[in-house]
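Residue numbers (the working numbering), protein chains in the order written: chain U, 42 to 614; chain W, 14 to 282.
Just so you know, even glycine gets a beta-carbon here, dropped at the ideal spot from N, CA and C.
A quick write-up on the structure given underneath.
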């Protein structure tokens, strides 16, 4: 009897070790995935509440500060815990080692530490809903002095402290995990996996790792500085001579613009942290599903690196009207324009990859094509916002909201969905329903466009963003009909995601069993059975002899796995 | 699926273009000297970028409809010539558009503080705008908000009572401007960052605590307009609004006179 219980206890510990407190990159990837799923659900519900409130203030009724705290939480959850988490740490943790032919990440414990710090950060953020004053009302950008002074409004006390602690932890967790994304591709590639044979997903994860390490370091520093301004008597961001609610503020010598420079020095690379893994993934998927090699693989690698590097030089385009020296506007404007070029090259190469391909319309294909359409739609308002004179007019209006929701939120989400439908069989050993997948795609595609296209017009008509009520300003109140349309579209889109959840959880238990390589891909993860066995490649690393996108022009010759035996007539690509 | 998808993309592209062409909501009628140039650029931007939008969605549809061909000449792994050509074309379009717009930004940010420019100080306070005119001496008095600001005693900005140049300053809750005269705004904030946005003037600039930011425009059409705050400043952000009245020069002088005599009266009592 006693030995029985000790066996079951040992089994339990081993189960805990295997599925919870593990250093297995696959389990960590899935943990990140479910963390993001929780975050995206909360974030989506918050956006539904916000949309309903601004057009029907009574349903649900809320105070303006509550509305603004929802703005803050929605932005923070979506930007940090969804868009910067699942494409990189979720899918990346799971598939980077597998695609490289590695047994593990180079630092498995750091990988696990990254997840647990991120989970702690998430819980701290959510805790802000339960403190007096509620979450911060200063938005995800937390401009000082609004964010520096507790008396600036409800939510600016404990709520803001929690926000800063959460973001500090998140930065730490991201940096810890980014180390693996840089080191693993350098040190742990399987024999024969030259840099130019890495799938473009791996290139994107690698470059994003560098971006995370550099950008989040600055955010962490800025968050600590702001915390010191709030509690340690420093004045990095608060100038002298301020009066708040009739009382003098005891600070002097700080600069509100310094916060903006630090924040956006992080904040703009952050946009690429969110979208580069998505772009890498789409490059990968268009090739897989068009059964054609990626058009100009080397150019794609170069474009990814160029976007990463230029991403650090454009932050000032968020600050054209901030009081920054207008001359700086010229430089930031030109550099921002420069980053549009590699992005446009990638779009061209996606189209060229599909051109005359034998396109297989599966759910990941649909979402990839949707990604390209949305990426272009959102990207093309970029040149307007990159031009200081034009940006000045639409800055902080719904025009900007439309821009970044199309290119970062919607395109980013489409890539996440494409990745989920694509890798689900490898992660869980079952296929997701294609029929439900298509329904989900159509609702989301039309929903995304109907929600965000009209917002451009709101912005052009001068509608400022982050307004808790629309009745205070006459010309804003006049735009109510269009706002109502947007709300309805948003609610329908959000409800449409139930189809995804149903499909996901149903397929998890009841989906048809997946074969090892259901999509007929060439990359190494598909050389393993589905789901991936716990030991991965085990002690036997695969030997790579082929590029990642060997899809033949003659259908009868099919495709060549990266670890297939070298051909006799093989020429290097 | 391919046909449905292509039709859907066509429908979305046309609906988006239609939305911008019909535009049930659009720019408010311009009322300042530089807005004509800005509007022209905006229209140019929308035509160029709208064109690129339609072009790329069309390309996507075409790519999806061109089924696979067997010819050996199609570029399988890439084609440097096409790649470079495309990069050059897009560079020329984007940079051409960008560089040609820069002089407008330089015109907007150096409004030339001409001698006849009307100086008005704009101060943002949670959640209220104050506009201060220099009065007869043409000089704005010194302000020390932390020391003297008493909103309930008629000195919300904290004008230093010991500074003689401040005695005739006029503080108003509406921005009253004479038509066709350049205005030089000094933007300030007492607590957090606010932002002045007057859509009809095509004017927006942040008011940052600790900074005096000069910016301006020239109103060219009389009438009433709304000034709103576009930088999240707290729970009352959405109601931080002020009225802008552009009036004739004579009306403006009359208004100034009434304001200064009111100020005189209030200082006597």
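Quiz prompt | residue 57 of chain U, buried or exposed, once every other Cβ within 10 Å from all chains shown has been counted against 16 | solution = Residue 57 of chain U comes out exposed.
Self-check item: Straight-line gap, residue 162 of chain W to residue 260 of chain W (C-alpha atoms, nearest Å)
Solution: Computed Cα separation, rounded: 30 Å.
Quiz item: Taking Cβ-Cβ distances below 7 Å as the criterion, which residues of the segment 206-237 of chain W are in contact with chain U?
Solution: 206, 208, 210, 212, 215, 217, 218, 219, 221, 222, 223, 224 and 226
Quiz item: At a Cβ threshold of 8 Å, is residue 385 of chain U touching chain W?
Solution: yes
Exercise. Using a Cβ cut-off of 8 Å (strictly closer), state whether residue 108 of chain W contacts chain U.
Key: When Cβ-Cβ separations below 8 Å define contact, residue 108 of chain W makes contact with chain U.
Exercise. Step through the CB atoms of chain W and report whether any lies within less than 8 Å of the CB of residue 501 of chain U.
Key: yes
Quiz item: Of all the CB atoms in chain U, is at least one closer than 8 Å to the CB of residue 259 of chain W?
Solution: no
Self-check item: Pairwise C-alpha distance: residue 408 of chain U and residue 495 of chain U
Solution: 22 Å
Practice problem: Put residue 580 of chain U into one of helix, strand or coil per three-state DSSP. | Solution: Coil, per DSSP.
Quiz item: Between which two residues does the beta strand (DSSP E) containing residue 242 of chain W stretch?
Solution: 236-242
Self-check item: CB of residue 215 of chain W within 8 Å of CB of residue 48 of chain W, strictly
Solution: yes
Exercise. Could you work out which residue in U/95, U/270, U/355 and U/402 is closest to residue 375 of chain U when comparing CA atoms only?
Key: Per the Cα distances, U/355.
Quiz item: From the beta carbon of residue 166 of chain W, is the nearest beta carbon of chain U less than 8 Å away?
Solution: With its beta carbon at least 8 Å from every one in chain U, residue 166 of chain W lies outside the interface.
Exercise. Establish whether the CB of residue 195 of chain W and some CB of chain U are separated by less than 8 Å.
Key: no
Quiz prompt | Residue-chain proximity (residue 173 of chain W, chain U), Cβ-Cβ < 8 Å | solution = Closer than 8 Å to the CB of residue 173 of chain W there is not a single CB belonging to chain U.
Exercise. Classify residue 245 of chain W as helix, strand or coil using the three-state DSSP reduction.
Key: coil
Quiz prompt | 8 Å Cβ cutoff, residue 409 of chain U in contact with chain W | solution = no
Quiz item: Which term fits residue 524 of chain U, buried or exposed, when burial requires 16 or more other beta carbons within 10 angstroms of its beta carbon?
Solution: buried
Quiz item: Residues bridged to residue 285 of chain U by DSSP?
Solution: U/288
Quiz prompt | Near-chain W residues of the segment 501-530 of chain U (beta-carbon distance less than 9 Å), N- to C-terminal order | solution = 501, 502, 503, 504, 505, 506, 507, 508, 509, 510, 511, 512, 513, 514, 515, 516, 517, 519, 520, 522 and 523
Quiz item: Which bits of chain U does residue 144 of chain W rub up against, with CB to CB less than 9 Å?
Solution: None at all; the shortest Cβ gap to chain U is about 18 Å.
Practice problem: With distances taken Cα to Cα, identify the nearest neighbour of residue 250 of chain W among U/180, U/377 and U/456. | Solution: U/180
Exercise. Would you check if the distance between the CB atom of residue 168 of chain U and the CB atom of residue 203 of chain U is smaller than 8 Å?
Key: yes
Quiz item: Between residue 199 of chain U and residue 65 of chain W, what straight-line distance do the alpha-carbon atoms span, to the nearest angstrom?
Solution: If I take the Cα positions, the gap works out to 48 Å.
Quiz item: Which stretch, first to last residue, makes up the beta strand (DSSP E) that contains residue 202 of chain W?
Solution: 196-202
Self-check item: Completely contained alpha helix (DSSP H) runs for the segment 39-81 of chain W, where each covers 4 or more residues
Solution: Runs of the alpha helix (DSSP H) lying entirely within the segment 39-81 of chain W and spanning at least 4 residues, in chain order: 48-78.
Exercise. State buried or exposed for residue 74 of chain W, treating a residue as buried only when at least 16 other CB atoms are found within 10 Å of its CB.
Key: buried
Practice problem: Kindly indicate which residue of U/281, U/332 and U/133 has the alpha-carbon position closest to the one of residue 215 of chain U. | Solution: U/133
Quiz item: Which same chain residues, not among the five before or five after residue 420 of chain U, have their C-beta less than 7 Å away from its C-beta?
Solution: 384 and 448
Quiz prompt | Same chain only: Cβ atoms within 6 Å of residue 262 of chain W, ignoring 5 sequence neighbours per side | solution = Close CB contacts of residue 262 of chain W within its chain, under the 6 Å cut and outside five residues either way in sequence, are with 191 (chain order).
Quiz item: Taking 8 Å as the CB-CB cut-off, is residue 237 of chain U touching chain W?
Solution: no
Practice problem: Using beta-carbon positions only, say whether residue 62 of chain W and residue 117 of chain W come within less than 8 Å of one another. | Solution: Not closer than 8 Å, so no.
Practice problem: Would you kindly report the start and end of the unbroken alpha helix (DSSP H) that includes residue 177 of chain U? | Solution: Neither: residue 177 of chain U is in no alpha helix (DSSP H) and is coded neither H nor E.
Exercise. Check whether the Cβ atoms of residue 110 of chain U and residue 175 of chain U sit closer than 8 Å, and answer yes or no.
Key: Pairing residue 110 of chain U with residue 175 of chain U gives a Cβ-Cβ distance under 8 Å.
Quiz item: Taking Cβ positions, are residue 283 of chain U and residue 41 of chain W nearer each other than 8 Å?
Solution: no
Quiz prompt | Residues, ordered as in the chain, of the segment 573-598 of chain U that lie near chain W by beta-carbon distance below 7 Å | solution = Of all residues in the segment 573-598 of chain U, the ones placed with a Cβ closer than 7 Å to any Cβ belonging to chain W are 594, in chain order.
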